[in-house]
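Residue numbers (our numbering), protein chains in the order written: chain Z, 1496 to 1855; chain S, 47 to 371.
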């Protein structure tokens, strides 16, 4: 049995469903990420699981118990939430904010015991913000704030943490740091994480399960390997300008239009900078002869008007060389990105010789 | 604490100073009941003491009401006066005073509070409707001030058509004053205000969670609907009890919570609630002292004095906020 699961769950506002029949299941200590275009309903799902919104239909289970059976007082001890959006606090130190996480455990007046303060300090140590304890919460950076909010959530001693776009406003260093922290929590504390992310590349790496929410509702659910295939992301986000390459998470702008008059001899990752430079200059180009497993290949596929390519680790055949020569005749601009070639790509060596002769 | 000590000193000062000077020894005598002239005794027991107590209780109520409204709207310049709540209850009380005084010979303190509460609740209702429509906090305040003006205008019309005998009373009251408070008034207001304040103090835990915003409060198990309703209700009751007896008093509600915050250097509700109350009491006693004596025998309206001291605090808060961002 899953630690967290849903059964025919429908979510929405004012009893009007936005997303229907959601069926997901996550084990303890796993990370489930929701991805999809803006406005598809990622936050709505999170808010519903958080009980900030009522479910329109169906059920969600935490540890085998229906969400509706868990009382207002019990839920915060099992589930904590971290939201985006700026908080405006007044005269609150970071430690004060973290200490708020003890709310579900304190008495009538919310006075913290020595034990509570120990938990607070432990949580701050765990997310490495002990040094911030006495700083004003309003005067720290976004990355630090997110850590403080994480420590606050940990103080609730949750089994499940919900996060809505937790790294959106962070720079890459802090994105990586924060997600690593999440990973650490799932490993050390066996906490289950459900979050939404806009960073597809990171979602793919950190998630155990991914739920894709498109314009027509929940579309795919599974491991990253199951989700990131068959060019699915392009259709999930309806990408029509530019492209997203699944194999290497390459996000490229639109290829230049027009008849190619430029030939780029590339391969072994030497060509990608040139491809992007030509894209910036708006110059359409042909490139080859590139192996289909080359680093240059996904970028060439996104940007080149035509690629002359060969199957991986095979000898470059004469017909490919002829194809390249054919394209060369139409080009008046030649760019050589490399001058040394391996034993199997003698075809490229020949092409190189032709190019250097043409230049002279 | 400093505030409590200040409070005691100011109560004594308020009793001593006036058109008839009374020595501290006489005041102590008045309480213990020895060697004191009848005039002094009368002044103490019939005029000064009820007035000082009223200023204490109502000042506290106003500041607390302001604190609750600031918490509720997450708005540093919210208060019962700027949001039009005081004016709303003023209107209701004026209506009751003018129209019912013909049929009833005596209007009880409870009726005044009830009328004031209805007015406050109505004004609060408008403000809440407005807060749904506009999400900018400055707009909320502008709207509140407008509601205040509308209510004041209607009050003025009512006063204009009132009978001569009522006008004298109404006129003083509608500008805000602690004068003419009877012991019956004091008992009723103390009861109402203390009970309400005790409930507020009991709510300090959810208020602390609410400081992180509604979503977080809800995520930690606060029953948000009930909590918001209580906040609105309690702040209205507090503001209403003030208006019922002293008319609309400006700036105490906005300024005192900020002063208390600076003094305590924390915003923890469990400290802020008593501090706001004591602070409001001290502030009002001090202002009433000035209102009575500065241009004696002419008495100023209490709002005149509170505005002089309160408005600069509000401006300072706004400037500081701007700089903090």
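We put the CB at the ideal spot given by N, CA and C, even for glycine.
Quick caveat: nothing in here was measured; it's all calculated off a predicted structure.
Host beta strand (DSSP E) of residue i (start-end)
i, result
"residue 1511 of chain Z", "1511-1517"
"residue 1691 of chain Z", "1687-1691"
"residue 1626 of chain Z", "Neither: residue 1626 of chain Z is in no beta strand (DSSP E) and is coded neither H nor E."
"residue 1528 of chain Z", "1526-1530"
"residue 1577 of chain Z", "1574-1577"
"residue 1828 of chain Z", "1828-1831"
"residue 308 of chain S", "Where residue 308 of chain S is concerned, there is no enclosing beta strand (DSSP E), although the alpha helix (DSSP H) it sits in stretches over 298-310."
"residue 1801 of chain Z", "1801-1805"
"residue 1781 of chain Z", "1780-1786"
"residue 1557 of chain Z", "1552-1557"
Anticipated Cβ contact below 8 angstroms, residue i with residue j, distance rounded
i, j, result
"residue 1550 of chain Z", "residue 1504 of chain Z", "6 angstroms"
"residue 282 of chain S", "residue 170 of chain S", "5 angstroms"
"residue 1688 of chain Z", "residue 1526 of chain Z", "5 angstroms"
"residue 1535 of chain Z", "residue 1708 of chain Z", "4 angstroms"
"residue 264 of chain S", "residue 1547 of chain Z", "6 angstroms"
Selected residue, minimal CA-CA separation from residue i, among the options
i, options, result
"residue 1792 of chain Z", "Z/1628, Z/1768 and Z/1585", "Z/1768"
"residue 1774 of chain Z", "Z/1823, Z/1852 and Z/1755", "Z/1755"
"residue 166 of chain S", "S/73, S/302 and S/290", "S/290"
"residue 54 of chain S", "S/332, S/363 and S/187", "S/332"
"residue 66 of chain S", "S/95, S/86 and S/309", "S/86"
"residue 164 of chain S", "S/274, S/98, S/287 and S/296", "S/287"
"residue 1578 of chain Z", "Z/1499, Z/1659, Z/1642 and Z/1606", "Z/1659"
"residue 231 of chain S", "S/138, S/158 and S/334", "S/158"
"residue 205 of chain S", "S/176, S/60, S/173 and S/140", "S/140"
"residue 203 of chain S", "S/292, S/191, S/220 and S/168", "S/220"
"residue 1760 of chain Z", "Z/1743, Z/1682, Z/1849 and Z/1622", "Z/1849"
"residue 260 of chain S", "S/273, S/249 and S/248", "S/273"
"residue 106 of chain S", "S/319, S/250 and S/343", "S/319"
"residue 198 of chain S", "S/277, S/112 and S/128", "S/128"
"residue 1828 of chain Z", "Z/1548, Z/1835 and Z/1853", "Z/1853"
"residue 359 of chain S", "S/100, S/329, S/243 and S/347", "S/329"
"residue 1726 of chain Z", "Z/1746, Z/1558 and Z/1645", "Z/1746"
"residue 1766 of chain Z", "Z/1797, Z/1832, Z/1713 and Z/1669", "Z/1832"
"residue 1642 of chain Z", "Z/1630, Z/1624 and Z/1834", "Z/1624"
"residue 1750 of chain Z", "Z/1744, Z/1772 and Z/1731", "Z/1772"
"residue 1731 of chain Z", "Z/1609, Z/1695, Z/1639 and Z/1743", "Z/1695"
Enclosing alpha helix (DSSP H) for residue i [first to last residue]
i, result
"residue 240 of chain S", "229-248"
"residue 1504 of chain Z", "Element bounds for residue 1504 of chain Z: not the alpha helix (DSSP H) but the beta strand (DSSP E), 1499-1508."
"residue 1592 of chain Z", "1589-1594"
"residue 316 of chain S", "315-339"
"residue 1758 of chain Z", "That residue, residue 1758 of chain Z, is in no alpha helix (DSSP H); its beta strand (DSSP E) goes 1757-1760."
"residue 179 of chain S", "155-179"
"residue 1809 of chain Z", "Here residue 1809 of chain Z belongs to no alpha helix (DSSP H), and DSSP marks it neither H nor E."
"residue 1650 of chain Z", "1637-1650"
"residue 1672 of chain Z", "1667-1683"
"residue 1850 of chain Z", "1841-1854"
For residue j and residue i, the rounded distance between their alpha carbons
i, j, result
"residue 146 of chain S", "residue 339 of chain S", "34 angstroms"
"residue 1553 of chain Z", "residue 1502 of chain Z", "6 angstroms"
"residue 1564 of chain Z", "residue 1556 of chain Z", "9 angstroms"
"residue 354 of chain S", "residue 299 of chain S", "14 angstroms"
"residue 238 of chain S", "residue 361 of chain S", "32 angstroms"
"residue 1627 of chain Z", "residue 178 of chain S", "36 angstroms"
"residue 381 of chain S", "residue 103 of chain S", "The requested residue 381 of chain S does not occur in the structure, where chain S is confined to residues 47 to 371."
"residue 1562 of chain Z", "residue 1500 of chain Z", "10 angstroms"
"residue 1799 of chain Z", "residue 1785 of chain Z", "12 angstroms"
"residue 235 of chain S", "residue 1650 of chain Z", "42 angstroms"
"residue 93 of chain S", "residue 227 of chain S", "8 angstroms"
"residue 125 of chain S", "residue 116 of chain S", "7 angstroms"
"residue 327 of chain S", "residue 72 of chain S", "24 angstroms"
"residue 371 of chain S", "residue 1637 of chain Z", "Residue confidence for residue 371 of chain S is low, a pLDDT of 48 falling below 50, so the modelled location carries little weight; the figure read from the coordinates is stated next. Rounded to the nearest angstrom, the two C-alpha atoms are 14 angstroms apart."
"residue 342 of chain S", "residue 96 of chain S", "20 angstroms"
"residue 1837 of chain Z", "residue 1817 of chain Z", "19 angstroms"
"residue 74 of chain S", "residue 277 of chain S", "40 angstroms"
"residue 68 of chain S", "residue 90 of chain S", "9 angstroms"
"residue 383 of chain S", "residue 225 of chain S", "Nothing can be reported for residue 383 of chain S: it is not among the residues displayed for chain S, which extend from 47 to 371."
"residue 297 of chain S", "residue 123 of chain S", "10 angstroms"
Quiz item: Can at least three beta-carbon pairs, one atom from the segment 1677-1688 of chain Z and one from the segment 1642-1658 of chain Z, be found at a separation below 8 angstroms?
Solution: A contact is defined here as three or more CB-CB pairs under 8 angstroms, and the segment 1677-1688 of chain Z meets this definition with respect to the segment 1642-1658 of chain Z.
Quiz prompt | Contact the segment 1568-1583 of chain Z vs the segment 1725-1739 of chain Z: 3+ CB pairs below 8 angstroms | solution = No contact exists between the segment 1568-1583 of chain Z and the segment 1725-1739 of chain Z.
Quiz item: Does the segment 1705-1722 of chain Z come close enough to the segment 1527-1546 of chain Z that 3 or more CB-CB pairs lie under 8 angstroms?
Solution: Below 8 angstroms, enough C-beta pairs join the segment 1527-1546 of chain Z and the segment 1705-1722 of chain Z to call them touching: three or more.
Exercise. Evaluate the contact criterion for the segment 291-311 of chain S versus the segment 1594-1610 of chain Z: three or more CB pairs, one atom per stretch, below 8 angstroms.
Key: Counting C-beta pairs with one atom in each stretch, the segment 291-311 of chain S and the segment 1594-1610 of chain Z have fewer than three that are closer than 8 angstroms, which means they do not touch.
Quiz item: Do the segment 254-269 of chain S and the segment 133-141 of chain S touch if we need at least three Cβ pairs shorter than 8 angstroms?
Solution: No: fewer than three Cβ pairs fall under 8 angstroms.
Quiz item: Is the segment 1582-1602 of chain Z touching the segment 1533-1543 of chain Z in the sense that three or more CB pairs, one from each, lie closer than 8 angstroms?
Solution: As far as the Cβ criterion goes, the segment 1533-1543 of chain Z does not touch the segment 1582-1602 of chain Z, which means the pair count is below three.
Quiz prompt | Touching by the beta-carbon criterion (3+ pairs, under 8 angstroms), the segment 1838-1851 of chain Z and the segment 1805-1818 of chain Z | solution = With a cut-off of 8 angstroms, the segment 1805-1818 of chain Z and the segment 1838-1851 of chain Z count as touching, because enough Cβ pairs lie within range.
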